[in-house]
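**Student:**
There are 2 protein chains.
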Amino acid sequence: MTKKEIYRNSRQRNRILNLLRSRDDHPDADLIYRELKKEFPRLSMGNVYRNLNILVKQRRIHRIKLGSGSDRYDAVMDHHYHFICESCHSVMDVELPPQDRLNEQAAQLTGCTVTGHQIRFFGLCPRCQSHGDGS
Amino acid sequence: MTKKEIYRNSRQRNRILNLLRSRDDHPDADLIYRELKKEFPRLSMGNVYRNLNILVKQRRIHRIKLGSGSDRYDAVMDHHYHFICESCHSVMDVELPPQDRLNEQAAQLTGCTVTGHQIRFFGLCPRCQSHGDGS
DNA sequence: CTACTTGCAAACTATTTGCGTTACG
DNA sequence: CGTAACGCAAATAGTTTGCAAGTAG
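As you go down the protein sequences, you meet chains X and S in turn.
Residue 501 in my numbering sits at position 81 of the first sequence; the count goes up by one each step and never skips.
Residue 485 in my numbering sits at position 65 of the second sequence; the count goes up by one each step and never skips.
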């Protein structure tokens with residue numbers, strides 16, 4: 421069924437994973453590209469995307485789909501939720517314990533098989549609160 | 421500050437709103453376009469998008485951003501959550517009461533001002549359960 | 001040596017926008 | 001009659017993909 425894909429060691433892919441592990445600001449493909457372009461001058465955007473997709477498939481990173489703008493990536497693999505600042509669009513982890521009872525409630529209400537959920541919080545991050553917004 | 425925008429009565433915009441109110445399957449712009457094209461043969465995609473954006477701005481409909489694919493629209497305006505079928509990508513309402521305490525918990529954990537949240541449930545809808553998936 | 005990885009450019013999807021015309025109020 | 005709404009086509013943002021050349025194992 422699920423065909424087993426084989427991946428080689430790839431300098432760039434490893435470096436992307438490292439970069440994501442070294443920071444907690446959930447960068448997007450473009451930031452990763454600009455950052456690694458310094459180390460790999462011939463790096464291409466297409467390859468950044470290709471590798472991000474592979475890392476997601478390998479379950480070594482998470483893709484965070486913001487409402488708008490580009491996707492963000494996250495190397496923290498234990499379950500957590502996200503906060504998105506409506507002013508600067510920064511993304512922060514929210515270490516709230518998994519709210520598994522919500523799945524059961526949703527299943528009862530809908531008759532669906534519920535295997536998971538996602539929670540996103542919105543508001544203003546500490547920085548943007550003091551700046552007086554600016555959106 | 422927030423400039424007051426004036427909108428005329430528009431046949432097409434009214435019809436889009438009606439259509440959304442008459443169904444609970446959260447259609448996307450393309451389905452709305454194909455559906456209303458029958459009534460308005462000269463209807464254009466650009467105008468469907470323009471009107472959907474106006475309706476959202478008027479707070480008469482909600483935009484639902486799926487992870488992938490096109491945005492869905494919803495004319496049910498009281499607070500609720502959504503279930504997304506991972507097989508057929510249908511969207512269902514989940515009439516779970518607002519989980520406001522989560523906002524406070526997230527605020528404490530992050531130090532952010534949390535003004536709202538969004539919950540999305542994933543799994544298989546009743547139809548796709550019986551079909552034996554098929555994704 | 002096989003086939004995964006990469007750079008490059010072109011393609012693609014969903015959505016927005018500029019412009020000239022139509023029509024609501 | 002002024003200006004919002006419209007049709008149309010072109011533009012945009014983000015991401016994916018085909019192809020030929022490079023490289024890990």
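Glycine residues also receive a C-beta, built at the ideal position from the N, C-alpha and C atoms.
Run through chain S and tell me which residues come within less than 8 angstroms of Ala-526 of chain X, C-beta to C-beta.
**Tutor:** As a working note, residue 526 of chain X is residue 106 in the first sequence. Result: Tyr-501, Phe-503, Val-514, Leu-516 and Phe-541.
**Student:** Could you tell me how far apart the beta carbons of Leu-475 of chain S and Ile-481 of chain S are, in whole angstroms, since I believe they sit closer than 8 angstroms?
**Tutor:** Numbered from 1 along the second sequence, position 55 holds the residue referred to as residue 475 of chain S. Numbered from 1 along the second sequence, position 61 holds the residue referred to as residue 481 of chain S. Yes, they are in contact, since the Cβ atoms of Leu-475 of chain S and Ile-481 of chain S sit about 5 angstroms apart, within 8 angstroms.
**Student:** Using 8 angstroms as the Cβ pair cut-off and three pairs as the minimum, do the region 511-518 of chain X and the region 526-539 of chain S touch?
**Tutor:** At 8 angstroms Cβ cutoff, the stretches touch.
**Student:** Give the residues of chain S in contact with Gly-489 of chain X, contact being defined as C-beta atoms less than 8 angstroms apart.
**Tutor:** Translated into the one-based positions of the first sequence, residue 489 of chain X becomes position 69. Here the premise fails: no neighbours, minimum Cβ distance about 11 angstroms.
**Student:** Taking 8 angstroms as the limit between beta carbons, can you name the residues of its chain near Arg-441 of chain X, skipping five residues before and five after?
**Tutor:** Translated into positions along the first sequence, residue 441 of chain X becomes position 21. Counting only Cβ-Cβ distances below 8 angstroms, and skipping sequence neighbours, we find Ala-495.
**Student:** Have a look at X:Pro-447, X:Glu-425 and X:Ser-430 and flag the residue whose alpha-carbon is nearest the alpha-carbon of His-509 of chain X.
**Tutor:** As a first step, residue 509 of chain X must be located in the first sequence, where it is residue number 89. Checking every option, the nearest Cα to that of His-509 of chain X belongs to X:Pro-447.
**Student:** Assuming Met-512 of chain X contacts His-502 of chain X under a Cβ cut-off of 8 angstroms, what Cβ separation, rounded to an integer in Å, is found between them?
**Tutor:** Position 92 of the first sequence, counted from the start, is the residue given in the question as residue 512 of chain X. Position 82 of the first sequence, counted from the start, is the residue given in the question as residue 502 of chain X. About 7 angstroms; that satisfies the 8 angstroms criterion.
**Student:** What would DSSP say about Gln-478 of chain X, mapped onto helix, strand or coil?
**Tutor:** Taking the first residue of the first sequence as position 1, residue 478 of chain X is located at position 58. Coil at Gln-478 of chain X, not helix or strand.
**Student:** Judging by CA-CA distance, which residue of X:Arg-431, X:Glu-455, X:Ala-449 and X:Lys-477 is the nearest neighbour of Gly-466 of chain X?
**Tutor:** Here residue 466 of chain X refers to the residue found at position 46 when the first sequence is read from its first residue. The residue with the shortest Cα to Cα distance from Gly-466 of chain X is X:Ala-449.
**Student:** Just the chain X side, please: which residues come within less than 7 angstroms of His-482 of chain S by C-beta, in chain order?
**Tutor:** Here residue 482 of chain S is taken as the residue at index 62 of the second sequence, counted from 1. None at all; the shortest Cβ gap to chain X is about 12 angstroms.
**Student:** Please determine whether the Cβ atom of Arg-540 of chain X lies at a distance below 7 angstroms from any heavy atom of the ligand COA.
**Tutor:** Within the structure as shown, the ligand COA is missing, as the structure has no ligands at all.
**Student:** Using alpha carbons as the reference points, say which of X:Arg-540, X:Ile-539 and X:Gln-525 lies closest to Thr-533 of chain X.
**Tutor:** Position 113 of the first sequence, counting from 1, holds the residue named residue 533 of chain X. When each option's Cα is compared against that of Thr-533 of chain X, the closest is X:Gln-525.
**Student:** On the criterion of 16 or more Cβ atoms from any shown chain inside 10 Å, does Ile-452 of chain S qualify as buried, or is it exposed?
**Tutor:** Translated into the one-based positions of the second sequence, residue 452 of chain S becomes position 32. With 16 or more Cβ atoms within 10 Å of its Cβ, Ile-452 of chain S is classed as buried.
**Student:** In the structure shown, what three-state DSSP assignment does Cys-505 of chain S receive?
**Tutor:** By one-based count along the second sequence, residue 505 of chain S stands at place 85. Cys-505 of chain S falls in the strand class under three-state DSSP.
**Student:** With a threshold of 8 angstroms on Cβ separation, who are the neighbours of Ile-436 of chain S within its own chain once the five nearest residues in sequence on each side are excluded?
**Tutor:** Within the second sequence, numbered from 1, the residue matching residue 436 of chain S stands at position 16. Ile-452, Leu-456, Val-468, Asn-471, Leu-472 and Leu-475, listed in sequence order.
**Student:** Have a look at the DSSP bridge pairing and note the partners of Val-496 of chain S.
**Tutor:** Taking the first residue of the second sequence as 1, we reach residue 496 of chain S at position 76. None; Val-496 of chain S has no bridge partner.
**Student:** Name the residue from X:Asp-444, X:Met-497, X:Arg-521 and X:Phe-460 whose alpha carbon lies nearest to the alpha carbon of Arg-433 of chain X.
**Tutor:** To locate residue 433 of chain X, count along the first sequence from 1; it is residue 13. Checked all of X:Asp-444, X:Met-497, X:Arg-521 and X:Phe-460; the closest Cα to Arg-433 of chain X is X:Phe-460.
**Student:** Assign Ile-426 of chain X to one of two classes, buried (16 or more other C-beta atoms within 10 Å of its C-beta) or exposed (fewer than that).
**Tutor:** Looking up residue 426 of chain X in the first sequence gives position 6. With fewer than 16 other Cβ atoms within 10 Å, it is exposed.
**Student:** Since Ile-539 of chain S sits in a beta bridge, which residues does DSSP pair it with?
**Tutor:** Within the second sequence, numbered from 1, the residue matching residue 539 of chain S stands at position 119. According to DSSP, which records beta bridges pairwise, Ile-539 of chain S is partnered with X:Ile-539.
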